[in-house]
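What follows is a set of notes on a single structure, which appears directly below.
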Amino acid sequence: MALHRLSFRLRQTVTHVRSLHTSGCGQQQQTLAVESESEPFSIIRTSENDPACQSEKHIGQYYTLPSATISTLFPHGLPWRYQQQVKTFNEACMMVRQPALEVISYLKKTDSSKPPLRYLFYGLNGSGKTMSLCHTVHFCYTQGWLVLHIPDAHLWVKNCKELLPSSYNSSRFDQPLQATEWLRNFRITNERFLSKIKTTQRYVWTKREFTEEGSLLRDLVDHGISRIKSSSDVVGALMKELRQQSGQPGSDFRLAVAVDGVNALWGRSTIKKANKSTVDPEELTLVYNLRKLMRNDWIGGAIITTLSQTGSLYTSKSDYLPQELLGERGFDSMDPFIPVSVPNYSEKEFESCYLYYIDRHWLQHPQSKY
Amino acid sequence: MSASISGLLKPWTPRVFLVRWSRYNPYYLDPEVRKEAYSVPETELSAEEKDQRELKALRPIKAATSGISSSVFNDPDISKFINMMMKHGNKILAREIMTETLENIKRKQVEKYHKAPQGNKETIECNPNTIFHKALENCKPVVGLASIKKGGRSYQVPIPLSDKRRRFLAMKWLITECRENRHRRTHMYEKLSQELLAASNDEGNVVKKKYEMHKMAESNRAYAHYRWW
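Now the structure itself:
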């Protein structure tokens, strides 16, 4: 059905071309064959690679992300299948869609002196919530914000190989491996800020190790990566510092907190303690500190989150609404937030995606090219 | 009461029909599943095809199996390969492995295509189905060997092979080679995609095995007259 309309859409562009080239019918026969092939590529691609300049007329078109940006900004944020696609097609193209554009337009108007607004992308499985989040994160990065991107909060509440009792608070548990990996990726993304921001407090990790007040954030992060045992506490300290310092008149950065799969923070976990009882997510240091970030008691930034059913534990496969996935506690903590629905592809977006795959030689069946 | 009496009056049919090893009467014809065969207009048919059509109008047709469909993606060679890969009736897993293999082949080829310089792009084949068929063609042996006993001794005698037998041998060699001669931790789709890409370029262990079979047949040419069929 959509393919049938696709041929009409191409025919319309061809007649549009015909009306422009009114000189000589003989020439048109030759130029038609060339233009009907080059036209689809300009329908689906846009040269507007800056998310700040994209608008409604670019909806359904693909813009290219430079590979340097991908390696710095998204060491851990993109979905696995998209990473495979980037490797296969030798380029990273993302589609401009309505939900991401809406959130970007709100972000452009944010006031740095007010508490952050919480945005929540929700929708059916596979409808593009993570990709919309990545698009928004790219916008924040190009605008010079500090991006705190947690790729998947579900990874912190399941499959934990090492669980240590926390040194700071004996009732909580540390996850050194997940914390160090996250710190490493954070360092890659935010190199330029780490040498500028200073800590406001003295942190004592063990009897002999401490971080002085006024030292750079880079030292804090390096300490967390080298000393695995205290990495979860380093993550907590980092979040606290950034929360306190963003939006202050002295500091010149705004904080964007991007969490994928935020329903994991208030769900259940499959990690077991030594006596085989389940760990509540609240008892994990990483989750506890992240929940503190989710509260809007700081200023100067935004919180952009996504729900996710695919990685979630003990949720039914048909759940996708915020009420169902966040649960009571989660909804009360996140309330008030701005829900943004991410629907499946519309007809125009589907056609755009189809033409993109044909352009990249991904659709190989002879009958796929009409 | 009336129900039981009317139940006795109808002609007797057995309650249980034995189906598992049942065989169709050779009178029944095979179904034609492909949509293209029916869209050909009357004028373009040759005389034999017209006769075939009239025959099909009169003879009974076998029921189509659940493994074939009239979709554009239905391929008899690939269906046979999936059946041969299947273990313990787990067709879902076998189909998954096959789709992953084809996707893997397509990914590798498309990546190679995009990285190649402009001049070489036309030579790179990206369609996984054509690569599969080409690999299968390259693995099919032309002659086979049969063990014939004469005068107390068994001789390996070169014999002609039917098309079906050749296709079977090619597929069997591909599957056993992938299952046995690789590292145990690699996935089947990875092993299969490597082997199929190598075979479509006339390299790899399976085409080597085919050539060895040909050499054995050539060396045993002298015994060819031992074959009596």
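As they're listed, the protein sequences go chains L and G.
Mapping of the first sequence onto my numbering: position 364 corresponds to residue 364, and the numbering continues sequentially without gaps.
Going from the second sequence to my numbering is simple: count from 1 and add 1000.
Glycine is no exception: its CB is placed at the ideal position from the N, C-alpha and C atoms.
Keep in mind that this is a model prediction, so the values were computed, not measured.
Item checked: Beta-carbon proximity of L:Thr130 to L:Pro79, cut-off 8 Å -> yes
Item checked: Within chain G, the residues that L:Thr88 reaches when beta carbons sit closer than 7 Å -> Arg1107, Val1110 and Glu1111
Next item on the list: Please determine, among G:Ala1057, G:Val1040 and G:Lys1062, the residue with the shortest C-alpha to C-alpha distance to G:Asn1025.
Entry: G:Lys1062
Item checked: CA-to-CA distance, L:Gly144 to L:Gly261, given in whole angstroms -> 25 Å
Check: Would DSSP call L:His365 helix, strand or coil?
Finding: coil
Item checked: CB-CB length for G:Asp1077 against G:His1114, believed under 8 Å -> Wrong, their Cβ atoms sit about 28 Å apart, outside the cutoff.
Next item on the list: Rounded to whole angstroms, what's the CA-CA distance from L:Gly26 to G:Asn1201? Just pull it up for me.
Entry: With a pLDDT of 37 at L:Gly26, under the threshold of 50, the modelled position of this residue cannot be trusted, and the question is left open.
Note to self: For a contact defined as C-beta to C-beta under 9 Å, what are the partners of G:His1114 on chain L?
What the structure shows: Thr88, Phe89, Asn90, Glu91, Arg360 and His361
Next item on the list: Please go through the same chain and pick out, in chain order, the residues whose beta-carbon is closer than 8 Å to the beta-carbon of G:Leu1145, but skip the five residues on each side of it.
Entry: Gln1156, Val1157, Pro1158, Ile1159, Met1213, Met1216, Ala1217 and Asn1220
Notebook entry, point to check: In three-state terms, what does DSSP make of L:Phe337?
Noted result: coil
Checklist line | CB contact below 8 Å: G:Pro1014 versus chain L | finding: no
Item checked: CB of L:Pro66 within 8 Å of CB of L:His138, strictly -> no
Notebook entry, point to check: Based on Cα-Cα distance, which residue from G:Gln1052, G:Ala1222, G:Tyr1027 and G:Glu1049 lies nearest to G:Pro1060?
Noted result: G:Tyr1027
Next item on the list: Return the bridge partner residues of L:Gly301 from the DSSP annotation.
Entry: L:Leu255
Check: Anyone know if the C-beta pair for L:Arg243 and L:Leu293 falls short of 8 Å?
Finding: yes
Item checked: Cutoff 8 Å; reference G:Ala1116; Cβ partners in own chain excluding five residues on either side -> Ile1124
Notebook entry, point to check: Quick one: what's got a C-beta closer than 7 Å to L:Pro322's C-beta in the same chain, skipping five residues either side?
Noted result: Leu120, Tyr122, Leu307, Phe331 and Pro339
Item checked: Beta-ladder partner(s) of G:Gln1156, from DSSP -> G:Ser1147
Next item on the list: Quick one: residues in its chain with C-beta nearer than 6 Å to the C-beta of L:Leu284, no 5 flanking neighbours on either side, listed in chain order?
Entry: Phe173
Next item on the list: Could you check if L:Gly250 is buried or exposed, using at least 16 other CB atoms within 10 Å of its CB as the buried criterion?
Entry: exposed
Check: Looking at G:Leu1093 and G:Lys1056, is the spacing between their C-beta atoms short of 8 Å?
Finding: no
Checklist line | Pairwise C-alpha distance: G:Glu1103 and G:Lys1172 | finding: 22 Å
Item checked: Closest residue to L:Glu213 among L:Glu349, L:Leu313, L:Tyr203 and L:Val287 (Cα-Cα distance) -> L:Tyr203
Margin query: Contact between the stretch 264-273 of chain L and the stretch 311-328 of chain L is defined here as three or more beta-carbon pairs at a separation below 8 Å; is this criterion met?
Written below: yes
Next item on the list: Identify whether G:Thr1101 lies in helix, strand or coil by the three-state DSSP scheme.
Entry: helix
Notebook entry, point to check: Does the beta carbon of G:Val1040 sit closer than 8 Å to a beta carbon anywhere in chain L?
Noted result: no
Notebook entry, point to check: Quick one: Cα of L:Ala153 to Cα of L:Leu117, how far?
Noted result: 20 Å
Checklist line | G:Val1157 at chain L interface by Cβ criterion, 8 Å | finding: no
Checklist line | chain G within 8 Å of L:Val34, Cβ atoms only | finding: Only weak support exists for where L:Val34 lies, its pLDDT of 43 falling under 50; the value from the coordinates is given anyway. It does not: the Cβ of L:Val34 has no partner Cβ on chain G nearer than 8 Å.
Check: Excluding five sequence neighbours on each side, which residues of the same chain lie with their C-beta closer than 7 Å to the C-beta of L:Ser132?
Finding: Arg97, Pro99, Ala100, Phe121 and Val342
Checklist line | Assigned secondary structure, G:Tyr1211 (DSSP; H/G/I helix, E/B strand, else coil) | finding: helix
Notebook entry, point to check: Hey, does L:Glu37 have any beta-carbon neighbour from chain G nearer than 8 Å?
Noted result: Residue placement at L:Glu37 is flagged as unreliable, the pLDDT there being 49, under the threshold of 50; a coordinate-derived value is accordingly withheld.
Check: Using the rule of at least 16 other Cβ atoms within 10 Å of the residue's Cβ for burial, across every protein chain shown, is L:Trp298 buried or exposed?
Finding: buried
Check: Exposed or buried, which one is L:Ser113 when buried takes at least 16 other CB atoms within 10 Å?
Finding: exposed
Note to self: Just to confirm my understanding: we take G:Arg1015, look at its own chain, exclude 5 residues before and 5 after, and list those with CB closer than 8 Å. What are they?
What the structure shows: none
Checklist line | For L:Pro165, the residue or residues it bridges with in DSSP | finding: L:Phe173
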